[in-house]
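Those protein sequences? They're chains U and D, same order as listed. Position 435 (the first sequence) corresponds to 435 in the working numbering; numbering is contiguous. Position 733 (the second sequence) corresponds to 733 in the working numbering; numbering is contiguous. Cβ atoms here follow ideal geometry from the backbone N, Cα and C, with glycine treated the same way.
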Amino acid sequence: MTSSTSFIQTPKAPGKARKSGKGRFHARGRQVEPSARSAVDGLLDGRGLERDQLIENLHILQDKFGQLQKNHLAALADLMRLSQAEVYEVATFYHNFSVVEDDAPAPPITVKVCDSLSCCLAGSEALTSALKKRASSGVKVTHGACMGRCDTAPVVRIGDTYIEHATVEQTLTVLDGRETGELPPSTISTTALPFDEYCNSGGFSYLKRLQENTDLIPEFIGKLKDSGHRGLGGAGFPHAMKITSVRSVPGPRYMAVNADESEPGTFKDRYYMNSNPFQFLEGMLIGAELVDAEEIFIFLRDEYPDTAAILRDAISTIEKTGLNNGRRISMRRGAGAYICGEESAMLESLEGKRAIPRQKPPFPAHVGLFGKPTLINNIETLYWLPEILEKGADWYKTDGRNGSTGFRTFSLSGHVNSPGVYLTPAGITASELINEFGGGMKEGHQFKAYLPGGASGGILPANMADIPLDFGSLEKHGCFIGSAAVIVLSDQDDFKEVGRNLMRFFEDESCGQCTPCRSGTEKAVTIMNGDHWDLDLLQDLSDVMQDASICGLGQAAPNGLLGLMKYFPEELT
Amino acid sequence: MSETISFTLNGEQIHTDGSQSIWEIAKDAGTTIPHLCYSDRSGFRADGNCRACMVEIEGERVLAPSCMRKPTDGMVVNSASERATKAQKMVIELLVSDQPAQEESPDPDSHFWDIATSLEQTTSRFNKRTSNYAADISHPAMAVDLEACINCDLCVRACREVQVNDVIGMAGRGADAKIIFDFDDDMESSSCVACGECVQACPTGALLEKSWMSASKIDRKVDSICPFCGVGCQLTYNVANDKIISVDGRDGPANEERLCVKGRFGFDYIHNVERLTKPLIRKDGIAKSDISDLDPANPLTHFREATWDEALEVAANGLKKVKAEKGPHGLAGFGSAKGSNEEAYLFQKLIRTGFETNNVDHCTRLCHASSVAALLETVGSGAVSAPFNEAENADVIIIIGANPAVNHPVAATFFKNAAKKGTKLIIIDPRKQNLTRHATYHLQEKPGSDVALLNSIMHVIAEENLTNLAYIENSTEDYEALKEHLKGFSPEAMAPKTGIDPTTIKEVARLFATANASIIFWGMGISQHVHGTDNSRCLISLAMMTGQIGRPGTGLHPLRGQNNVQGASDVALIPMFLPDYQSVEDPEIRAKFEEFWGATIDPNKGLTVVEITEDIHEGNIRGMYIMGENPAMSDPNVTHAREALCMLDTLVVQDLFLTETAAYADVVLPASAWPEKDGTVTNTNRQVQMGRAAVAPPGDAKQDLWIIQEIANRFELNWSYTHPSEVFTEMTKVMSSIEGMTWERLEQENVITYPCKSQDDKGQALLFTDSFPTASGRGKFVPAELISPDEVPDKDYPIILTTGRLLEHWHTGSMTRRATVLDAVESEPTVQMSPAMMEDLQVSSGEFVNVQSRRGMLRIKVRADGAIQQGMIFIPFCFAEAAANILTNDALDPFGKIAEVKYCAVQVEKVL
């Protein structure tokens, strides 16, 4: 006991588990690899790292690598000071992101065949199976949700290239070109009205007037109120009332523009953005002035890359000319989620989160983006603002049929000769729309049924095609006009298959938050995939989905099914 | 809201203030509306996703979730209408279809099955969804079976919003949405810290303790307090067949039902086979130094079993012999901060009145002694000025020299809650930590540079006139001297010492000083230095010069370590004070206690922990009584301390296990664990809480209180306490801080904060609201000079070693390494170092290095950890087979007598 060194020993140390050899030789959890960190650092250099930039930053990684490697996601989480779970749940929520392990091979070329109802009616299923057989082994053929080109069905997407009226041959040609590095010519030939021309025809004069004199705000709102202008994204909420509601809460306030047009059968907003972007943007800026928004966010679906280019140019022009009045205009890319059309889900997405709808109340007009009062408008809603202000409330009320006033933009698709976007008198009936605008039924097709409001607006038989298509006129029949997407069905269609197509769409797009929609759509699809449909059970299920789902998606998901059960029971046996 | 509204619920008119949800109001009215994703536990936000609680509101198009909806005036609500019931039942029916059958469910008694049964919906017309979730049983404590998951999101809220550990998420979407850990990793390899909040929240058993047992088999539930850290979480022990099976968090003020991995899963050490169950006496002829083949599982190689009578006689006679030969100063006692207040009080009373010496101390000496010294000197009170829950009311929080997510995990959850709500968090610590991600600033200073850093922050505050002059004027003294002193500490001048750029220092200074309410928390990184008292002085000055004290959301809070280190210090388990920090050297005070105790008290203060070791080496102290302390692991320069223990003529050790200290004992007395005893315990918030025995001690192990009394009576003290309540009553008579408390009150109320002056006093949470308990009533500024750490790196020993704890292991590991889950999660010693240093050393994870200081050497495996600065390593001190304290320096802070275990110089080499 002369030296302390003999006291290094102790009795046998406690603990049995060390024998298992499972010691912890790294800090807890997945660590950031230096190489992944530098790759991500480099890509995101100079970019925003706030939480709401998460989806934008995921796009950058997805664009660069064609997929999202977990080691890159770990680096991204670290860089953005988010938890790994927060990053992962967002990355796996959106269809356009694909999360893979670190060592995953480079992603295959992916061919997405639109399987929304309009494309399905145009033979997308046969196209898919033919492509699966004939495309080379390195190509992945899969389905995609509505691509907003329903007048040119069927549609195929390869990267940012869209093939309209797609055929197998055409698709294979594009694939060959892609493999040899030649990009195909764009099939889109919309010419946007240039800035000068828009200005020369009086564009931006009402915006400027408002910017010069904010005392005009009550007058402008009054005009909108008198015009009876309503939201044209689907819900039809009186526009002036929404603005007043947002203004009733002290600022700061935001404006969020919903350009996530993804209701199957709908492509009118794309038409307006592509053809006359500045009129929409003027409407947007007027809206921002009316609620004194701090900042404007445009949420544009990722399926419209051409539109994105047009808007980027247009916004840059507006910023250069100062028409934005110092307001930041941020364009955000959707990442493949129909639910983002639901306004509160879109807000969640704008905040960089999973797009799960919020419970209401409170309503976004009062508690919206980042918890602040937010004016949320659809593209077409804003598009008409400058014209209403210029031409007056009465102008907006001219025209109209069957007791309705004003006009309505329809996206018409299905078995008609001339599908497309049509500006028609409000209150037009389906048969008038088909015959006066759609060029009548295609040869060999007899009009049998129609969907008045896309996939969610229900279904009506041809013998009820004399109902005015307007807000409030269809509800008593279990339908609604929604985004005014009319899809026309014929005697050639398998109505059970139509029902399945619609329910599969909602199953695919359900955010999964609430039980009636998450589980209900899945159970309904399972039943409907069978030959025998248990109609009593489907009725009970539909009742509860309508009554108890959080948002309009779940509540409307059974509308098509209910229409089939009500009007076409003989088709379901 | 005081406005009264009235609405109709199921036909009854109800008046309410509109602040509660329909669900809550219905519950108060006696109706529990079915619910799955909703929990009315505190901290859990209603989410409204399961839709089981839907109610019908007249005039509304669709049903509404009662958990989220608040009534408005005139609303007519029906929770049991045909429509509402149909929805409630359909939701259950959908979920039942995808569940395992009830009898095959991980938890057939789960809340889910209760609700399904109450709605008579235990079957389903729907087919089961095809899913193939593999059970995840990777974690030692918890099992995951997503087949039973209903996607209710409660675990996500538990993990993300309540505990803010941020491990669990909901990935994917639609029917494929599923619960994941990190990147869909298995639980064990994820960043999960096993707080178990998700398990406590899960309504189905999809997340479940592996020790789960049907409620019908639980014999009793006993409400008590967690035995580990100073947070003082209230908990409930579930007991079956006289064994603790599981633990639930209880709604105490310090934890609001939350627990950490130790509290929830670390309970089975008390049932470990190595528990001592019979008194032991060292065998003749076995040298104390002969411990190489001693196994705590089988101590009979070195000891023989004895009866209590014999063991107590041998113990007392040995100690009495020393007293007879060397006088009272030949004896010393170490009590424990792990026991109850009553035990600590009686222990010091025994040492003072039976041994007749003030040589009594405990682990506070290695903990916050310097903080207490500084606090007593400046503000006149050694405890915290505000509970840590005041973080909620703070705009700015400084956490310095502390790693609460590891050492005070449940307190850390409240800091993270505050940060999430917008409170700015400033962390000052050389190591990164779990909270760093939530911080506005993390100043990763150079180790040991606290005084330079804090003085430079105060320099900015003084120079930029950000002080609270009115507060300085009205409530403090000696500010001018401090102000003058600070002139030499500009951030620019200090930057080379601290490694923090001056701009950041200025921003932090402004943020702290100008906030409406700023609060400071600190830990061992402040106290365990030779300049530990100076570090604390700086923090106190910082709070006082800005007036950030004495108001909600402000104050000084040294985070106390052990579950009862506050209480043990309060009741005078320290050598210089009598209970309530009354100086033992004050004749008036001493006279009062001499009369009360009926004994004479040594007029000289006693020796502290490290001083006692030295005194043994000098041949003065020859006998010791150690209750529940493990200096053979916890003391700095521990080989020196072990040698001292070995030198004693008589060493009596009272403990649960044959600890590293007990290995040197002459007599070992088997004692009671915390869950085996009744007693009060005082947490870091000054909250005195009631602990209750859940099970009896095993074998012949005895209550500590009984053992102390048996020794005392062999010193002719003639005590006859029959229950801890009698001891507590005695304490209230000599401790004005708790004079308003009674045992009965604590039995009923579970917790009372001190100071508590009268029977109806709930206790004072915030101190110094009007004045300071100093002679002048003012707080005193004491400037701090720069003092280097005692042993700075040099050519031979170029690396800085710092020591501390791991989340899973308590103190010296004697309890936690014998807890199955904790042992499994952290099974062996490692040295943590940065990947960059590993590259320099050319060593990989899991390989051995030799770490050598001037005092000893360890062979230890490497753990890669990016949180550690280059030039620094970290070794936890809980592993006997690589005891960090072999390396540490026993140089002392001159005021607190605390050793500098946070800083010494070492060299590190790869083992070839």
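Shown here, glutamine 689(D) sits in a strand according to DSSP, grouped into three states.
Taking 9 Å as the Cβ-Cβ cut-off, the segment 537-562 of chain U approaches chain D at Leu537, Asp540, Leu541, Asp543, Val544, Met545, Gln546, Asp547, Ala548, Ser549, Ile550, Gln555, given in chain order.
With its beta carbon less than 7 Å from one in chain U, isoleucine 886(D) belongs to the interface. Nearest CB-CB separation between aspartate 890(D) and chain U: not below the 7 Å threshold. Considering only Gly525(D), Leu556(D), Asp186(D), the residue with the shortest C-alpha distance to threonine 378(D) is Leu556(D). Judged by DSSP in its simplified three-state form, histidine 15(D) adopts strand. Considering only Val901(D), Asp704(D), Asp17(D), Leu658(D), the residue with the shortest C-alpha distance to alanine 337(D) is Asp704(D). In terms of beta-carbon proximity, glutamate 464(D) stays away from the interface with chain U, with every pair separated by 7 Å or more. Across the set Thr130(D), Trp597(D), Leu645(D), the C-alpha of Leu645(D) shows the shortest separation from the C-alpha of isoleucine 626(D).
By the rule that beta-carbons nearer than 7 Å mark a contact, serine 510(U) touches chain D.
Nearest neighbour of threonine 533(D) by Cα position, chosen from Pro575(D), Asn468(D), Gly448(D), Pro587(D), turns out to be Gly448(D). Taking a beta-carbon distance threshold of 7 Å, isoleucine 8(U) counts as an interface residue toward chain D. Linking glutamate 294(U) to serine 330(U) through their CA atoms gives a straight-line distance of about 12 Å.
Just so you know, the alpha carbons of aspartate 394(U) and glycine 334(U) end up roughly 37 Å apart.
When DSSP states are grouped into helix, strand and coil, phenylalanine 220(U) belongs to the helix group.
Cβ-Cβ separation between cysteine 756(D) and methionine 741(D): approximately 5 Å, consistent with a contact (criterion under 8 Å). Residue burial annotation: phenylalanine 388(D) is buried, with at least 16 other C-beta atoms found within 10 angstroms of its C-beta. Close CB contacts of valine 76(D) within its chain, under the 6 Å cut and outside five residues either way in sequence, are with Thr8, Glu58 (chain order).
Under the 10 Å beta carbon count, proline 250(U) is surrounded by fewer than 16 other beta carbons and is classified as exposed.
Uninterrupted beta strand (DSSP E) stretches at least 3 residues long and entirely within the segment 104-145 of chain D occur at 142-144, given in chain order. When His111(D), Gly628(D), Val508(D), Gly606(D) are compared, the shortest CA-CA separation from threonine 812(D) is found for Gly628(D).
Here DSSP, grouped into helix, strand and coil, assigns leucine 319(D) to helix. About 7 Å separates the CB atoms of glutamate 847(D) and lysine 910(D); that is less than 8 Å, so the two are in contact.
Between arginine 332(U) and leucine 311(U), the CB-CB gap reaches or exceeds 7 Å.
Between the C-alpha atoms of glutamine 832(D) and glutamate 101(U) there is a straight-line separation of about 28 Å. For leucine 76(U), the secondary structure class from DSSP, reduced to helix, strand or coil, is helix.
Against chain U, the CB of arginine 45(D) has no partner CB under 7 Å away; the residue lies outside that interface.
Under the DSSP assignment, glycine 525(D) falls in the alpha helix (DSSP H) whose first and last residues are 524-527. Membership of aspartate 248(D) in the beta strand (DSSP E) is indicated by the continuous run 243-249.
Contact check for isoleucine 549(D) against serine 385(D) passes: the beta carbons are separated by less than 7 Å. At least one C-beta of chain U is nearer than 7 Å to the C-beta of cysteine 50(D). Proximity of the segment 495-510 of chain U to the segment 518-526 of chain U meets the contact definition, three or more beta-carbon pairs being nearer than 8 Å. Annotated three-state conformation of isoleucine 379(U) is helix, per DSSP.
In this structure the segment 103-113 of chain U touches the segment 130-150 of chain U; the number of beta carbon pairs closer than 8 Å is three or more.
Collapsing the DSSP output to three states places aspartate 185(D) in coil. Within the segment 96-113 of chain D, Ser97, Asp98 place their CB atoms closer than 8 Å to a CB of chain U, listed in sequence order.
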